[in-house]
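One structure is given below, encoded as structure tokens.
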Amino acid sequence: MSSKTFDFLERTMKLNRRIVLCCFAAGVAANGAWAGDAAQGNAQAPHWEYAGHHGPAHWGEMHKDFETCGLGKHQSPIDIRTAEKKADLPELAFDYTASPLKIVNNGHTVQINIGDGGGVKIGDHAYKLAQFHFHTPSEERIKGKPADMVAHLVHKDEAGKLAVVAVLIKQGKENAALKAVFENMPVGAGPVHAVEGLNINVANLLPAKRGYYHFEGSLTTPPCSEGVSWYVLSMPVEASAAQIKTFQKLYKHNARPVQPLNDRAVVERAG
1 MSSKTFDFLE RTMKLNRRIV LCCFAAGVAA NGAWAGDAAQ GNAQAPHWEY
51 AGHHGPAHWG EMHKDFETCG LGKHQSPIDI RTAEKKADLP ELAFDYTASP
101 LKIVNNGHTV QINIGDGGGV KIGDHAYKLA QFHFHTPSEE RIKGKPADMV
151 AHLVHKDEAG KLAVVAVLIK QGKENAALKA VFENMPVGAG PVHAVEGLNI
201 NVANLLPAKR GYYHFEGSLT TPPCSEGVSW YVLSMPVEAS AAQIKTFQKL
251 YKHNARPVQP LNDRAVVERA G
């Protein structure tokens, strides 16, 4: 075997290993909007949808790992009808930085994975931003009304606890912070796509005022795990009709219905 042939085979083997690893990572992410949850990577978990026999009303019956979707008492999303205003709630101290734009259509939503893009500190608790994704209409409702869309900013602390900041999006002027995202949304489900030369800083997506509603809830997709801290920003941001339509062409409706509040309290920090 010549040295040139050996070099070619070695490069080919390295390329194949990278392809396998890439496909594996994409497969894990494609199982749901909440990449990182152990059950999402379960190859035996059934395919779920937002309507019909595989829709939200049946998630809890589809797999033993999904039972919390039907039996859980602290489920998300909720309709925020009333909230107790509390002056002593901590501010959301955002500290986001620019991160390469890595985008994936995982079959349920369009998701942007964040490698090292900062995070948020809530009181003495620090969370790192892992990813954000979209739902239309917004899963959260304020006094019965959903927004046109919502961006869920998913954070995780060192112990693995999740905190989600929901940024409501209403139709209005073009959203410059999300321009690159809307222009590069993958049409079909597939592997993560790194958009060459483009970065995104989630700080630019946040509204000017940072008041929020807070409650304890769950993932809004299977396995619907509870113990997730939710922070719904009360001030929405805008996106143009064309931008919203770009996402709705891919996912006309990918919002779980609101769940009973049960014994939970919703508190509000003005902003």
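Residue 150 in the numbering used here sits at position 150 of the sequence shown, and the numbers go up by one each step. For each residue, glycine too, the CB sits at the ideal point set by N, CA and C.
**Q.** Residue range of the unbroken alpha helix (DSSP H) whose run includes K179
**A.** Note, K179: alpha helix (DSSP H), K179 to E183.
Q.
Looking at G72: is its Cβ nearer than 9 Å to the Cβ of E226?
A. yes
Q: With DSSP as the reference, label S3 as helix, strand or coil.
A: Any reading at S3 must be qualified, since the residue scores a pLDDT of 42, below 50, and its modelled position is unreliable; no value is offered.
Q: With a threshold of 8 Å, establish whether the CB of N105 neighbours any heavy atom of the ligand PLP.
A: Ligands in the displayed structure: none, and consequently the ligand PLP is not present.
Q. If G211 and M235 are in contact, beta carbons under 8 Å, what's the gap, nearest whole angstrom?
A. Rounded, the Cβ-Cβ distance is 7 Å, consistent with contact.
Q.
Are the CB atoms of K179 and D148 within a distance shorter than 9 Å?
A. At a Cβ-Cβ threshold of 9 Å, D148 and K179 do not count as neighbours.
**Q.** Reference Y127, options A163, T109, D88 and K143, closest by Cα
**A.** For Y127, the closest C-alpha among the options A163, T109, D88 and K143 is that of A163.
**Q.** Nearest-angstrom Cα separation, counted from Y231 out to P207
**A.** 13 Å
Q | K204 in three-state terms, based on DSSP | A | Checking the displayed sequence, the identity of residue 204 turns out to be Asn instead of Lys. The answer is helix: DSSP assigns N204 an H, G or I state.
Q: Report the three-state DSSP secondary structure of P56 (helix, strand or coil).
A: helix
Q) Taking the Cβ atom as the reference point for each residue, do G118 and L101 lie within a distance shorter than 9 Å? A) no
Q.
Within a Cβ cutoff of 6 Å, which residues of the same chain sit near N262, ignoring the five residues on either side of it in sequence?
A. K73
Q) Are the beta-carbon atoms of G238 and G172 separated by less than 9 Å? A) It should be noted that the sequence gives Glu, not Gly, for residue 238. The answer is yes: Cβ separation under 9 Å.
Q. What three-state label does DSSP hand Q75 in the structure shown?
A. coil
(Q) Which same chain residues end up closer than 8 Å to A93 when comparing Cβ atoms and leaving out the 5 residues on each side of it in sequence? (A) Closer than 8 Å at Cβ, skipping near neighbours: V120, K121 and I122.
**Q.** Where the alpha helix (DSSP H) through A242 begins and ends
**A.** A241 to L250
Q: Could you pull out every residue in the same chain whose Cβ sits closer than 7 Å to the Cβ of N144, ignoring the five residues on either side in sequence?
A: What sits at residue 144 in the sequence shown is Gly, not Asn. Within the same chain, G144 has close Cβ partners D79.
Q) When burial is assigned at 16 or more other CB atoms within 10 Å of the CB, is A255 buried or exposed? A) Buried, since its Cβ has 16 or more Cβ neighbours within 10 Å.
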